[in-house]
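Visitor: I'd like to ask you about the structure that follows.
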Amino acid sequence: PNSYIHWMKIEYRSSTVNSVMANLNLFLVFGALLPSFAVADCTSTIFLPYGVCAQIYRDTNCKTDHRNVLVGEYVAEAPRGWNDVISSVVVRDGCRFIGWENYHRHGEEHETYINRLNLDEDGMNDRISSYECTCTNYP
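Count along the sequence shown from 1, then add 2; that gives the number in the numbering used here.
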């Protein structure tokens, strides 16, 4: 009887280790794809690449194309195809994103420290033409 119990413990431990290893293997195989899926979720900034202060999106709820805004980056004129199309912003914890209605920091200003899934709530949907993003206590 004791040897049976001992065998069951070993089998259980072996099964648990196999399960953990299988999950680890899945993570390693799909790990390179994980950040692109996780960021589109718009609920967490954990998967923002190193050096990225924020991500801007063309549509609400982080749908469609996005662009990385680097820590300390100031864009006086939105790049081609990005003027007056930004609809949502994901901002890294400890960072601040400011968008302006016109080029070169002119016009109405929108400032956020948190994820904004819909800039229409602030009246800035599809109105940002220049922007900057800064962080405090970021390496």
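We treat Cβ as the ideally placed atom computed from N, Cα and C, and that holds for glycine.
Whole angstroms are fine: how far does the CA of residue 125 sit from the CA of residue 67?
Guide: 21 Å
Visitor: In the structure shown, what three-state DSSP assignment does residue 41 receive?
Guide: The predicted model places residue 41 with a pLDDT of 40, which falls under 50 and marks its position as unreliable; any figure quoted below should be read in that light. Three-state result, residue 41: helix.
Visitor: Check whether the Cβ atoms of residue 73 and residue 55 lie closer than 7 Å to each other.
Guide: Judged by beta-carbon spacing, residue 55 lies within the 7 Å limit of residue 73, meaning their Cβ atoms are closer than that value.
Visitor: Taking the beta carbon of residue 58 as the centre, do at least 16 other beta carbons fall within 10 Å, making it buried, or is it exposed?
Guide: The residue is buried, with at least 16 neighbouring Cβ atoms inside 10 Å.
Visitor: Between which two residues does the beta strand (DSSP E) harbouring residue 49 extend?
Guide: Where residue 49 is concerned, there is no enclosing beta strand (DSSP E), given that its DSSP letter is neither H nor E.
Visitor: Among all the DSSP beta bridges, which residues are the ones paired with residue 91?
Guide: Within the DSSP bridge table, the entry for residue 91 names 58 and 118 as partners.
Visitor: Quick one: grab the DSSP three-state call for residue 70.
Guide: strand
Visitor: In this structure, does DSSP put residue 104 in helix, strand or coil?
Guide: strand
Visitor: Should residue 88 go down as buried or exposed, given a rule of 16 or more other Cβ atoms within 10 Å for buried?
Guide: buried
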